[in-house]
Every structure is written in C-alpha cells, then in structure tokens.
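Protein chains in written order, with my numbering: chain A, 22 to 466; chain B, 22 to 466.
Just so you know, even glycine gets a beta-carbon here, dropped at the ideal spot from N, CA and C.
Here the structure is laid out as structure tokens; the discussion comes afterwards.
Written as structure tokens, this is what we have:
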C-alpha cells in the first residue's frame, strides 16, 4: 500500500502542549506496552507498519514540522515538504509528485491519502487497504472513506451515497451543518467525510497537469508559492462524477480538544502528578519536572509544559483558543532532528538553553552576528569544531564562541550542554549556516 | 515599644510556596499600594515601624531562616538565632537575653512577644502597645492578649478571665477543645490564646535564672542544645498567679492554610495567570514564569512554584500535608542574605543554577572538594576572586573554578550568573568557607 499521511497545521487548542511549531500529533500521550509514551504520528506510523511492513509511507507536511518528524520517526522517513503553506490541493499534488518522481512509484498504483491525526485501531488500516483495492479496480476515479456517524456532529462535512451498500456511488456532498440538519442527513444515510480517500496516482497527476500545468516535482516545488490556495474537496472531489464512497463503522476519533484527548488516555496521569481520592474525572498531563498535586477536583484537565499551565473544566477546555492568543508565545521546548532543546532562562540580553544531542548527531555548522555563546558540557562525549579547530569534549568542558565564529558540536554518546547566549539583540533569525570543509569533517569524525 | 517577633517553623501546608527552608511568613502575596508584593513578615515589620518608628524590633528564629530574613528586612534587622530547635520557652529566653545583653535594653522595660504570622491591621499594634503599657504598670507579672472568638474554633487554646472587663485577671487556661466544648467556653466569656503577651524584660530573665540557671546571653547560647524543650505556656504562663488578660476584638487571622490565605488576598491572581469568566472563587498564586490559564473552575486554589503545582478545591487544601510528604523535597529556590538562587536543571552529575546577587553584596569566600564550577555572567558588573586573584567581570565573562579552588563574587550592580556545578558527588554540604585576606579584600573592593 502507498499511503500519504497529511501532517497538518499547528494549533492552540491543546495548549500548552501544542504550539506554533509543535502540533497535536507530536504530543507523547499514548502509553505503549513497554510503559513508554508515543505521539499520534508515532502511533499511526507504527500501526501502518504492523499491518503492511513493506508499504510506502510518505509524510506531507510543512517546514516547521520536519525536524520533529525526523526526531519522532527517524532519519529514514520520507517527507514531502511544502515550501510555504498552501491549501490541501497543492499539498496533495506535491506529495503525489514526490511519490512519482522521487520515490518512483508506478502511476498506475493506487494511493491512499489521509490525515495523520485520527485516533483509530487496526480495523481502520484494514479499511484503508480496502479503499486502495477499490481504487485499483477502476470502477471510479476516487474512492472516499465514509465514516458511520455516531452523533449529529456539526464539525464534519457529510457524504450522501446513492445506496446503503458497503461501497456506493456518491450522490452529493454537504458542508458542515447545524445539529438538526445533521440529523436529517443521517436519517437519509449520510456519512462523515474524514478527508480520507484513495485513487490511482496518475489520477492526481493528470488533474494537476490539467489544472495547474504540472510537469514534474521539481517544477512544482519551484513555483509552489504561485499555486492557487484551494482545497482538494473543492478543486477535485466535489467536481468528480466517477466517485465512490466506502463505509467504515470502526473506531475513529478526532482528538482535537482536551475533552476528547483525555477520553483516549488509558490512565489519568501522564508525567509527575498525584490525584487525591476525592478527585473524579481528572486528568493530568505534565511535561515538566515539577510535580502536580490535584485535590478534590471534578472533571478537570490539568496540563503543564514549559510554556504554560492549563487548569480547565473539561467542557470549557474547547474554548481555550482566544485566551491562549493573549499569551506571548515563546517556544520553550522543541524537538529537532539532532535532539532537543529547552529554554531555561530569559534575561533582556541573555538566554540560557539546555541542549541535548542524540548519539551520532550534530548541529549545523553555523555562526551568529550579534551574540556570543558559551557551552558548558554537562553529560556525554563528543567533538566541537570552532572556526575549523576540532576538539574532543566531555562533561565539565567549556567552549567559548564569540560573535562571528563558526561552530558546531558532534555527539558521540548522548551529549547534554548548557548554552548561554549573550548579546543585545538575540534573535532566532541571526544564524548563518556553513558547510564543514573536508579537512574539518575529517578532524571532527 | 520593645517587640520580639517569633518567626517559627517551616511547614508544608502552603506547599508549593512553603518548604523546609521557606516558611509561610516569607511568601510574597500581599499587594502594597505601589503594586509590589510583600510577605507576612515584611507586612508586620512595616506595620510596626509605621506605628512606632523608634521601637526596638527583634526577630527570634532558627538558622535556616536567617538569610531569608536579611533578604526581606535588610541587613540591619536584629535577629536572635537559636543554634538548634528547642521549644518556645528556650527560644523566648534566648531572645530576651539578646535584648538585655546585646541590645542593652533596660530590664525594667516592658517587652511584647508575639508570633510573626497573624494577618492583622493597625488596631492590633495599638493593642500590643496597650499590652506593653499594662505590663509596665506592674499590676501583674504577665499580660496576655485575649482574642475575642469569632467562631468555636478547635485550633486554639482558650483563656478564661475572672471578669468581662477590658483587662481582667486570668482564671484559667483550657487546651484546644472540640467544637461543642469551645461553644461552652465562649458562653462563659473565654478568649482565644494567640500566643501574644507582654511582661517586663527582667521577669523572663529572673524566671530563666531560677529555672535553668541563666547567667548571660553567651552562656545561654553555648549550652542551648542542653536546655529542656518545653513550651513557654507550660513552663511559665500556666503556673503564674499574677497574670492578666487584655481583650482584643479587631481583625486577627491565622493564614496557615490555602483556604484562609486566599481569603486575605486582595485580588484573585498573583503572578502570571488568567481566569476566564466562568471561574468563581478561584485564586492563582504563581511564582513561576510559566503562565497559568484557569477555565470554568469553582472554589479552587492554584499555586505554582519551581517545586510544585497545586490545584485544589479550597476546602480540601487543608489536607495537603501527607501528599506533599510523598514528593522528594528538593529546594528549587531560596532567598539568601546576598540575593537569591534558582535551581534550573538537575542531571546525575551536574546542576545548573541561576544566581542573583544584590548590589554591594557578595558570597562567602569558599571552595568545594568534589565539584568543578563554571560561572557565566549574564547581567551586571562586579568582581570575582579565585584563589586570591581578583578580576573585574561583566555580562559574557566566564569564570572556571576547578574543585578545591577558593572563590567568591562581589556584585557592584545587581549581578546575575549561570552557575554550572559538575561532579560525581554534588552535595550542599561540600563547602569550605575562608576569610578573604586583606590584600584580597583590597583587590576586590
């Protein structure tokens, strides 16, 4: 099976765990059998690989997520990166072009395209296989998944099929309705549109040729910012005559709010936390090292990260966004392809950061114009390169990097450092990247 | 007026703001007119000074509080320090001996002795003056404050007076009763015993001579650990025949639990925090830089510090102690006489600490056997002395201090540093203090 997982936008509805660079699919909240926790994207990827080890998986996403995806799924995962944000039509075309041109998938093969963040079980992936097989038959150009509604939701679009069979032609689509209208739709046999579909790869490539003069992946990438920002549903699905829907009645949950996310938690506390016996329906999700004590609460979610502490009645938690918008959003923690960092202290002219590199990984070779930096190694072993000079380092070593000097660190073991940045204008943008020359590379390996 | 403020033990009932070294009287929670916050001890000290600028104030406390008291009340405050914990009788004798021998107060003068932590208004201090004047008259040896009960409390001892007059002889004392018994006492005119009393200084010194062979302050200090651990009430007050009580009907609150403390807060939020409109009776006390968002809660207190996050129904908050005992108590923040520190990161063989020195202050000149240290100055100017070598430092400077080297820093302006400690056995006890010799002192000033 060829599958494209759409790893979508940031979001604040799961603040303080989601932020501008970390979307909900990266929050490690689901307990694995070995006691560790995995994120939504890790869970979905693992589920796919369990069902179809040889399958082709491509993640379609935008730039800010790339480091985190590599951190969570490894260096070898294939990623189609939007150079800038467009709507779902350009993103889906780009990912399909990547499949065809970069991964050399035969255009006659079927492709399944689905969001990365529904909370599902194995039967869902069986259903994706069914979609792909149906698309392969060629009875229709597009085969949608139609999810059996469990309540008259106002959050989803609806698909109205021609007949009640397992696979049927689509009669029409309906936009997100109000609850009463949703009831009517459901009475007429309507299904939720979860944005999941399958088609032959060439179908999308042909549509792209026709609609935006697509030639190949590199051409598309180069002029991506000029593409129209329209949705795939609007541009393609709603205009397609040869379109089928295949029913799915298994578990399918959108864990987009604290209320729904906590329902999927297997145990009430993730991270350091204690609930006293008088608590009922209370969840703690604590990413900090600071212990949380909850006493005598009812139907409350408590979530803490370096960026914020939320204490909310579960029902109310869906109204979080406008409040979060009022906080200054400083990213306090991020997962990078090489490891992670945590902002520990901010002064007007100094930042203190804890940097953790994974074994065998290194930062870019880079410099800063307007700040000096100091590293104090507190754990592990590795090498630093400063203006071409390589040096072995271990816990206790101090590395001085005045503004303008080029520097990197290569971790041999896991390597932890305290980085102090000092200057009048400390900005994330103040970073020039360089390539380590051969001699430096040699020295540093 | 001569007043001894008893600054008592630590406590966990206001966790996470109180801990083993910071008692509730040091929590900055009361809003001043200029918008800043003051602690209970700062508030009481300010109130006394407003009423009686020339009065003599002595704080009686134990060692762990000394740095914090200097930090909050200044270097010039007089402190009588118990070398080890005993009960109130030895502590009160020691403080009175300090008044007589170290501060040269005439033993004929009256002294008022009271706890540092009731929440009171100006009329209370007027009442203390009244107590002192009454003691000065010599009608009785001891004059207690009797607080008019506002409800049949089980938390206080009761004083039963001979008559309902403003000042009356004491008939008898009663231990903390149950609520029904308390009602009876109150019907008989009983008053709360808040541990507030006045007497002539010589009265206590004479009692001490008689009971423990007291000679002078230094003698007492030297053999303090051999003194009997008994309370002043038991040792003196309950045996005294010539004892009066003076009524006080003003505001007097013991803010010992979150429930009572939040009642005294003038505004619902101290520190970074937002309550949405659906919150009722919610208080936030946030000492961290991490913003708190509370939504849809009722009668809940939220308190956050580097040591913990409490989210509790207000009624339940009085049962906090056994839970707090289960947390590993690592002191994450402390106020010292020279400034403050905050523990930012703990690894198995490294600690990272933010150190802030107040202008003109310095650390002890000291060394460590088992750890190296690194300072990175991030704000301000000052001088360091390392093994006798003095050096001017400012933001961006890095100071290396291998194990065994003697070091200190003297702040000229406010001075902030990141301190990284590295070693296999990092322990608070690993500290040897030295005196800076004259040449070093000269260099470093």
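Of all residues in the stretch 274-303 of chain B, only 295, 297, 299 come within less than 7 Å of chain A when Cβ atoms are compared, listed by chain position.
Here the alpha carbons of residue 51 (chain A) and residue 276 (chain A) stand approximately 12 Å from one another. Three or more Cβ pairs closer than 8 Å define a contact, and the stretch 384-401 of chain A meets that threshold against the stretch 420-429 of chain A. Taking 4 residues as the minimum length, the alpha helix (DSSP H) runs contained wholly in the stretch 226-272 of chain A are 238-243, 253-256, in order along the chain. Counting C-beta pairs closer than 8 Å gives fewer than three between the stretch 360-368 of chain A and the stretch 324-340 of chain B, which falls short of the contact rule.
Around the C-beta of residue 280 (chain B), 16 or more other C-beta atoms lie within 10 Å, and the residue is accordingly described as buried.
When C-beta distances to chain A are compared with 7 Å, the residues of the stretch 349-376 of chain B below that value are 365, 366, 368, 370, 371, 373, 375, in chain order. Interface residue (Cβ-Cβ distance to chain A less than 7 Å): residue 380 (chain B) is not classified as such.
According to the DSSP assignment, residue 195 (chain A) belongs to the beta strand (DSSP E) that extends over 188-195. Sequence-distant partners of residue 287 (chain B) (beyond 5 residues in either direction) whose C-beta falls short of 8 Å from its own C-beta, in its chain, are 51, 52. The alpha carbon of residue 136 (chain A) has as its nearest neighbour, out of A:278, A:422, A:29, the alpha carbon of A:29.
The C-beta of residue 39 (chain B) comes no closer than 7 Å to any C-beta of chain A. Only residues of its own chain outside the window of five on either side were considered, and among them 442, 447 have a CB closer than 6 Å to the CB of residue 372 (chain B), listed in chain order. Taking a Cβ-Cβ cut-off of 9 Å, the neighbours of residue 400 (chain B) in chain A comprise 368, 369, 370, 371, given in sequence order.
Taken through DSSP and simplified to helix, strand or coil, residue 177 (chain B) comes out as coil.
Assignment of beta-bridge partners to residue 106 (chain B) by DSSP yields no partner. Between the C-alpha atoms of residue 217 (chain A) and residue 150 (chain A) there is a straight-line separation of about 12 Å. Nearest C-alpha to residue 423 (chain B) among B:32, B:393, B:407: B:393. The shortest CA-to-CA distance from residue 242 (chain B) to any of B:148, B:138, B:118, B:196 is the one to B:118. Under a criterion of Cβ atoms nearer than 9 Å, no residue of chain A is adjacent to residue 242 (chain B); the nearest Cβ is some 39 Å distant.
For the options B:204, B:366, B:310, B:154, the alpha carbon positioned closest to that of residue 400 (chain A) is the one of B:366. For the stretch 438-449 of chain A, the beta-carbon criterion of a distance under 8 Å to any beta-carbon of chain B is satisfied by 439, 441, 443.
Relative to residue 169 (chain A), the option among A:161, A:209, A:56 whose CA is nearest is A:209. A distance below 6 Å between beta-carbons, with the five flanking residues on each side excluded, links residue 211 (chain A) to the following residues of its chain, in chain order: 179, 181. Of the residues A:396, A:436, A:317, the one whose Cα lies closest to the Cα of residue 417 (chain B) is A:396. Within the stretch 357-426 of chain A, complete beta strand (DSSP E) segments of at least 3 residues are found at 360-368, 371-378, 386-388, 393-400, 402-407, 410-415, 419-422, given in chain order. By the beta-carbon neighbour count (other beta carbons within 10 angstroms, threshold 16), residue 265 (chain A) is buried.
Closest in alpha carbon position to residue 64 (chain B), among B:82, B:337, B:413, B:45, is B:45. Burial is judged here by how many other beta carbons sit within 10 angstroms of a residue's own beta carbon; residue 124 (chain A) has fewer than 16 and is exposed. In the DSSP assignment, residue 329 (chain B) is bridged to B:326.
Contacts between residue 416 (chain A) and chain B, judged by CB atoms closer than 8 Å, involve 370, 371, 443 in chain order.
Listed in chain order, the beta strand (DSSP E) runs fully inside the stretch 53-91 of chain A are 77-83, counting runs of at least 3 residues.
At least one C-beta of chain A is nearer than 7 Å to the C-beta of residue 333 (chain B). In terms of beta-carbon proximity, residue 61 (chain A) stays away from the interface with chain B, with every pair separated by 7 Å or more. As DSSP reads the structure, residue 446 (chain A) sits in no beta bridge. Per DSSP, the continuous alpha helix (DSSP H) segment holding residue 279 (chain B) begins and ends at 279-284.
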